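Down below is the structure, laid out as C-alpha cells.
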Amino acid sequence: MFSFINHLRWLFSPQDKRKFIFIAMLMAFSAILELAGIGILLGAATVFLASDTPAGIKAAQILSFCMPGIAAKYQVAWAIIAIGLLLMLKNLFALLVINIQAKFIFAKRNELAKRLFKGFLYADYESFSQLSPEYCFGSFFRLNDIGNVILLPTMQVIADVMMIAVLSCAAVIMFPAITLAGTFFMVLTAFAISFFSRRANKKFSEDMFKHTLEENRFCQAGISGEKTIKCAVKEEYFLDRFAGEYKKKNDFACKLYTLGQLPRLSLESASIILAAVVFAVMVFMDAEKSRIMFIFAILTAVISRILPALSRCHYNLTLIRQSLPLLESTTDILRDLPQELRTDGTAGDAGETISFNNISFAYKGGQKIFDNFNLTIEPETSLAIAGKSGRGKSTLVDLLLGLLKPETGNITAGNIDIASNLPAWRKQIGIVPQNIFLLEGSVAENIAFGESDIDLKRVEKALQDAGLKEFSPDMMLTSQGNLSGGQRQRIGIARAFYKQAKLLILDEATSALDAETENDFCNVLKELHGKLTIIVISHRESTLEACDRKIVL
Numbered sequence: 003m004f005s006f007i008n009h010l011r012w013l014f015s016p017q018d019k020r021k022f023i024f025i026a027m028l029m030a031f032s033a034i035l036e037l038a039g040i041g042i043l044l045g046a047a048t049v050f051l052a053s054d055t056p057a058g059i060k061a062a063q064i065l066s067f068c069m070p071g072i073a074a075k076y077q078v079a080w081a082i083i084a085i086g087l088l089l090m091l092k093n094l095f096a097l098l099v100i101n102i103q104a105k106f107i108f109a110k111r112n113e114l115a116k117r118l119f120k121g122f123l124y125a126d127y128e129s130f131s132q133l134s135p136e137y138c139f140g141s142f143f144r145l146n147d148i149g150n151v152i153l154l155p156t157m158q159v160i161a162d163v164m165m166i167a168v169l170s171c172a173a174v175i176m177f178p179a180i181t182l183a184g185t186f187f188m189v190l191t192a193f194a195i196s197f198f199s200r201r202a203n204k205k206f207s208e209d210m211f212k213h214t215l216e217e218n219r220f221c222q223a224g225i226s227g228e229k230t231i232k233c234a235v236k237e238e239y240f241l242d243r244f245a246g247e248y249k250k251k252n253d254f255a256c257k258l259y260t261l262g263q264l265p266r267l268s269l270e271s272a273s274i275i276l277a278a279v280v281f282a283v284m285v286f287m288d289a290e291k292s293r294i295m296f297i298f299a300i301l302t303a304v305i306s307r308i309l310p311a312l313s314r315c316h317y318n319l320t321l322i323r324q325s326l327p328l329l330e331s332t333t334d335i336l337r338d339l340p341q342e343l344r345t346d347g348t349a350g351d352a353g354e355t356i357s358f359n360n361i362s363f364a365y366k367g368g369q370k371i372f373d374n375f376n377l378t379i380e381p382e383t384s385l386a387i388a389g390k391s392g393r394g395k396s397t398l399v400d401l402l403l404g405l406l407k408p409e410t411g412n413i414t415a416g417n418i419d420i421a422s423n424l425p426a427w428r429k430q431i432g433i434v435p436q437n438i439f440l441l442e443g444s445v446a447e448n449i450a451f452g453e454s455d456i457d458l459k460r461v462e463k464a465l466q467d468a469g470l471k472e473f474s475p476d477m478m479l480t481s482q483g484n485l486s487g488g489q490r491q492r493i494g495i496a497r498a499f500y501k502q503a504k505l506l507i508l509d510e511a512t513s514a515l516d517a518e519t520e521n522d523f524c525n526v527l528k529e530l531h532g533k534l535t536i537i538v539i540s541h542r543e544s545t546l547e548a549c550d551r552k553i554v555l
C-alpha cells in the first residue's frame, strides 16, 4: 500500500493535492450530514417506538413547541414530511459531492493522457524507438482504466472511511459496549478476509496484466501484418495465440471479480451474526422490549449505512491492490522515459554548408558505427550515400535530423551547431523515407501535415512541383485512398515543397518502386537540382547516378 501511495503522490501536482483536500473536506461534511440523517431517524424511531420513554416524551414536547395548536397525529405527519425533505436535501448534497469527485477524476485522466502522449512525442528518440508500438498503444488503454480502478476507488474509499468513522463515533457515544464489541468483530473479519486474499489478488492481477500485454501484442500484429500473415497462411496461429491470451486474461479477471465480491458477502454474513448475538444478549439480560426495539432500530439504521460503506471500502481496496501493476506501469513510463533536450539558441541554416565534424557514435550496448567521421555537404548540391546494410546510412540521417546525439563531435550548418535549436533546424528539412507515413485524411492534410490552417494554393503548387499534376483541386480535399508507391513518395516530396524545405533527404525512397516509377522519380530529382540541398540514400545505381556526388560507407 505504501508503494501505491508513493505512485499516487507522484501523479498528483500541488494543485491536484489542494483539490483533493477540498474534496475530502466536502466528503467529511457529507459524512456529518449522514450522521444528521441517522439522528433524524433516531428522533422518528423515538416518537414511534418509544413514545412512553423520557426521550419519547421529550420528542413529543419538541413537536408541540414547533407546531403549536396542531393535533399530535398531524404533528407526526408534518414531521415525517420534514424528515423526508431533509433526507432528500442530504442526498442532493451527496450527489453534488459525487459530481465534483467525478469531474476531478476524469479531468485528471484527461491530463494524464495528455502527459503520456506528450511524453511519447517529446521523448528521446533512441529511448523511444526501443519501445514496441503494442506497448505504447497498450499504455493508453491502461490509462483509461486508471480512472475506473485507481482514482475513483481511492476517492470512494476516502468517502466511505469518513462516513464509517463519523457514524462509528456517534454509535460509540450512544452504545459504547455494543459498538466497540461489534467494531472489533467486523474489523477482525475484514482483516482476515484481506490477509487470506491478498497474495491471491497480487498474483492474479500480475498474471492478468501479463496476458493483457500479450493479447494486445498479437492483436496489433494481426491487424498490422495482415498481408504477411495471409501470404504465410498463418491466420490460425495468430488466431489461436490471440484467443488463448484473451482467454487467460479473462480467466484471471473472473477470479479477481470473484475475490472482489468475497468481502461484501462475508461482511454481510458477519453483520447478521453480530445483530443476532446482540439481540440474544439483550433478551437474556431481560431488557425491556421497548428498549430492545429502540436500540435494535437505531443499530439497524447505523448498520444499514456502515455495512455497504464497509463493503465498498473493502472491495475498492481490493480493486486498488489488484490494479497496482497498472499504476506502476503508467507512472514508470511518465517518470522514466527520457525527454529530448531542446534549447532555444540560434538555428543552423540548412541552406548553408553542412559539416559532420569528428563524429563518433554507437548505439547503447552496440559497436561503434562512426569513429571521427567527417563530411562536408555544399549548399544546393545533391549527395548520394551508398553502402551495405548496417553500415550506418540511416543512422547518419538520424544524426543529421538531431534524433540521435553523437558521442563526440558535432554537426554544423552555416558554422552553427544544429543542436542549438533542433525544432527550428528540423523545420527546414523535408524527409522522404522508404515507407511514407500518411494520415487517414485528405491529400491536402497529408501534404500540409500537422497544420490546421492549410494554404490550398501552396498545396497545389507543391503537388505540381513534385510531379503530381493528376491531383485536381477537388481531389486535394478528398481522402488519399489507395495511392501507388510512386505517388506516396511524391507526396513526401510535396511535403518538403509545402514547408519550403532547404534540405531534402531521401532515405531508401525508391527501394519499393518499379523501374518505370523509379525513372519518373529520378526525373523529378533532376529537376530539383540546384534548387535545394539533397541527400539520397539508396542501393540502386540509377538513383545514385542522378546526384552530383557519391560516398560509400
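Heads up, the final residue of the sequence shown is numbered 555 in our numbering, and it's a clean run with no missing numbers.
In this text, a Cβ means the ideal position worked out from N, Cα and C, and glycines have one as well.
Quick caveat, the model's predicted, so the values are computed rather than measured.
For this session: Going by CA-CA distance only, name the one from Arg200, Lys205, Tyr500 that's closest to Val445.
Result: On the sequence shown, position 443 is the one that residue 445 refers to. For the residues Arg200, Lys205, Tyr500, the minimum Cα distance to Val445 belongs to Tyr500.
For this session: Inspect the beta-carbon positions of Ser384 and Leu485 and report whether they are closer than 9 Å.
Result: Within the sequence shown, the letter at position 382 stands for residue 384. Within the sequence shown, the letter at position 483 stands for residue 485. Cβ atoms of Ser384 and Leu485: not closer than 9 Å.
Problem set entry | Cut-off 7 Å between Cβ atoms - residues of its own chain near Ala282, not counting five sequence neighbours on either side | Mapped onto the sequence shown, residue 282 falls at position 280. Nothing listed; no residue qualifies.
Exercise. With a Cβ-Cβ cutoff of 9 Å, do Ile456 and Leu505 count as a contact?
Worked result: Here residue 456 refers to the residue found at position 454 when the sequence shown is read from its first residue. Here residue 505 refers to the residue found at position 503 when the sequence shown is read from its first residue. Not in contact: Ile456 and Leu505 (Cβ atoms no closer than 9 Å).
Exercise. Got a sec, what are the start and stop residues for the alpha helix (DSSP H) Ala255 sits in?
Worked result: Taking the sequence shown and counting its residues from 1, one reaches residue 255 at position 253. Taken as a continuous stretch (DSSP letters only), the alpha helix (DSSP H) holding Ala255 covers 237 to 286.
Exercise. Which of helix, strand or coil does DSSP assign to Ser325?
Worked result: Position 323 of the sequence shown, counting from 1, holds the residue named residue 325. Coil, per DSSP.
Exercise. For the putative contact between Ala192 and Pro265, defined by C-beta atoms under 8 Å, what is the C-beta separation to the nearest angstrom?
Worked result: As a first step, residue 192 is located in the sequence shown; it is residue number 190 there, counting from the start. As a first step, residue 265 is located in the sequence shown; it is residue number 263 there, counting from the start. So it is a contact: roughly 7 Å between Cβ atoms.
Problem set entry | Candidates Tyr317, Lys204, Ser134, of which the one nearest Arg219 by Cα | By one-based count along the sequence shown, residue 219 stands at place 217. Nearest C-alpha to Arg219: Ser134.
For this session: Enumerate in chain order the residues of its own chain whose CB-to-CB distance from Arg314 is below 7 Å, with the five nearest sequence positions on each side excluded.
Result: By 1-based counting over the sequence shown, the position of residue 314 is 312. Excluding sequence neighbours, Arg314 sits near Gln158, Asp162.
Problem set entry | Residues bridged to Ile536 [DSSP beta-bridge criterion] | Here the question's residue 536 lines up with position 534 in the sequence shown. Partner(s): Ser384, Leu506.
Exercise. CB Ile361 to CB Gly411, shorter than 9 Å?
Worked result: Translated into the one-based positions of the sequence shown, residue 361 becomes position 359. Translated into the one-based positions of the sequence shown, residue 411 becomes position 409. A contact, by the Cβ cut-off of 9 Å.
Exercise. Would Phe372 pass as a contact of Leu401 if the rule is Cβ separation under 9 Å?
Worked result: As a first step, residue 372 must be located in the sequence shown, where it is residue number 370. As a first step, residue 401 must be located in the sequence shown, where it is residue number 399. Their beta carbons are under 9 Å apart, which means Phe372 touches Leu401 by this criterion.
For this session: Whole angstroms is fine: what's the gap from Phe24's alpha carbon to Cys171's?
Result: Position 22 of the sequence shown, counted from the first residue, corresponds to residue 24. Position 169 of the sequence shown, counted from the first residue, corresponds to residue 171. Each residue's Cα considered, the two are about 23 Å apart.
Exercise. Per DSSP, which one or two residues make a beta bridge with Asn359?
Worked result: As a first step, residue 359 is located in the sequence shown; it is residue number 357 there, counting from the start. Residue pairing from DSSP places Asn359 in a beta bridge opposite Asn412.
Exercise. Should Tyr239 go down as buried or exposed, given a rule of 16 or more other Cβ atoms within 10 Å for buried?
Worked result: Position 237 of the sequence shown, counting from 1, holds the residue named residue 239. Answer is exposed; the Cβ neighbour count stays below 16.
For this session: Could you pull the start and end residues of the beta strand (DSSP E) that Val461 belongs to?
Result: Along the sequence shown, one-based indexing puts residue 461 at 459. Note, Val461: premise wrong, no beta strand (DSSP E); alpha helix (DSSP H) at 458 to 467.
Exercise. Using the rule of at least 16 other Cβ atoms within 10 Å of the residue's Cβ for burial, across every protein chain shown, is Lys251 buried or exposed?
Worked result: Here residue 251 refers to the residue found at position 249 when the sequence shown is read from its first residue. Lys251 is buried by the Cβ-count criterion.
Exercise. Taking the continuous beta strand (DSSP E) assigned at Asp14, which residues delimit it?
Worked result: Residue numbering aside, residue 14 sits at position 12 when the sequence shown is read from its first letter. Per the sequence presented here, residue 14 reads as Phe, with Asp not at that position. From DSSP, Phe14 is part of no beta strand (DSSP E); its letter is neither H nor E.
Problem set entry | Helix, strand or coil at Gln158 [DSSP, three-state] | Stepping through the sequence shown from its first residue, residue 158 is reached at position 156. Helix, per DSSP.
Exercise. If we count Cβ pairs, one from each stretch, closer than 8 Å, do we get three or more for the segment 252 to 262 versus the segment 271 to 287?
Worked result: no
Problem set entry | Same chain, Cβ closer than 7 Å to Ala503, five either side skipped, listed in chain order | Against the sequence shown, residue 503 aligns to sequence position 501. If we look at Ala503 and ignore the five residues flanking it on each side, its Cβ neighbours are Gln430, Ile431, Gly432, Leu534.
Exercise. When DSSP labels each residue in this structure, what does Arg551 get in the three-state scheme?
Worked result: Numbered from 1 along the sequence shown, position 549 holds the residue referred to as residue 551. Three-state result, Arg551: strand.
Exercise. By DSSP, does Asn146 sit in helix, in strand, or in coil?
Worked result: What you label residue 146 is simply residue 144 of the sequence shown in a count that begins at 1. In the three-state reduction of the DSSP assignment, Asn146 falls in the helix class, which pools H, G and I.
For this session: Below 8 Å on the Cβ atoms is my guess for Phe604 versus Asp209; work out the distance and round it to an integer in Å.
Result: Absent from the structure is residue 604, since the part of the chain shown begins at 3 and ends at 555.
Problem set entry | Burial state of Ala194 (16 or more Cβ within 10 Å) | Translated into positions along the sequence shown, residue 194 becomes position 192. The residue is exposed, with fewer than 16 neighbouring Cβ atoms inside 10 Å.
For this session: Give a yes or no on whether the C-beta atoms belonging to Arg307 and Thr214 are separated by under 9 Å.
Result: For this step, residue 307 is matched to residue 305 along the sequence shown. For this step, residue 214 is matched to residue 212 along the sequence shown. Going by C-beta atoms, Arg307 is not nearer than 9 Å to Thr214.
For this session: Kindly indicate the opening and closing residues of the beta strand (DSSP E) around Lys370.
Result: Along the sequence shown, one-based indexing puts residue 370 at 368. According to the DSSP assignment, Lys370 belongs to the beta strand (DSSP E) that extends over 370 to 379.
Exercise. Are the Cβ atoms of Ile387 and Ile495 separated by less than 9 Å?
Worked result: The residue you call residue 387 lines up with position 385 of the sequence shown. The residue you call residue 495 lines up with position 493 of the sequence shown. Taking 9 Å as the cut-off, the beta carbon of Ile387 is found no closer than this to the beta carbon of Ile495.
Exercise. Got a sec, what are the start and stop residues for the alpha helix (DSSP H) Ile72 sits in?
Worked result: One-based indexing of the sequence shown puts residue 72 at position 70. Run containing Ile72: none; DSSP gives neither H nor E here.
Problem set entry | Cβ distance (whole Å) where Gln491 is taken to contact Ala511 below 8 Å | Taking the first residue of the sequence shown as position 1, residue 491 is located at position 489. Taking the first residue of the sequence shown as position 1, residue 511 is located at position 509. Correct: roughly 5 Å between the Cβ atoms.
Exercise. So Leu328 and Ile449 are in contact, right, with Cβ under 8 Å, and what is the actual spacing, rounded?
Worked result: For the purposes of this step, residue 328 is taken as the residue at position 326 of the sequence shown. For the purposes of this step, residue 449 is taken as the residue at position 447 of the sequence shown. Not quite, the Cβ-Cβ distance comes to about 40 Å (not below 8 Å), so this is no contact.
Exercise. Using the beta-carbon count (16 or more within 10 Å), is Ala468 buried or exposed?
Worked result: Counted from its first residue, the sequence shown places residue 468 at position 466. Buried, since its Cβ has 16 or more Cβ neighbours within 10 Å.
Exercise. Buried or exposed: where does Arg111 fall if 16 or more other Cβ atoms within 10 Å of its Cβ makes it buried?
Worked result: On the sequence shown, position 109 is the one that residue 111 refers to. With 16 or more Cβ atoms within 10 Å of its Cβ, Arg111 is classed as buried.
Exercise. Which stretch, first to last residue, makes up the alpha helix (DSSP H) that contains Val399?
Worked result: Within the sequence shown, numbered from 1, the residue matching residue 399 stands at position 397. Val399 -> alpha helix (DSSP H) spans 395 to 402.
Exercise. Can you tell me the Cα-Cα spacing of His316 and Ser199, whole angstroms?
Worked result: Residue mapping note: residue 316 aligns to position 314 of the sequence shown, counting from 1. Residue mapping note: residue 199 aligns to position 197 of the sequence shown, counting from 1. So the alpha carbons of these two residues sit roughly 11 Å apart.
For this session: Report buried or exposed for Glu36, applying the criterion of at least 16 other Cβ atoms within 10 angstroms of its Cβ.
Result: As a first step, residue 36 must be located in the sequence shown, where it is residue number 34. Glu36 comes out buried.
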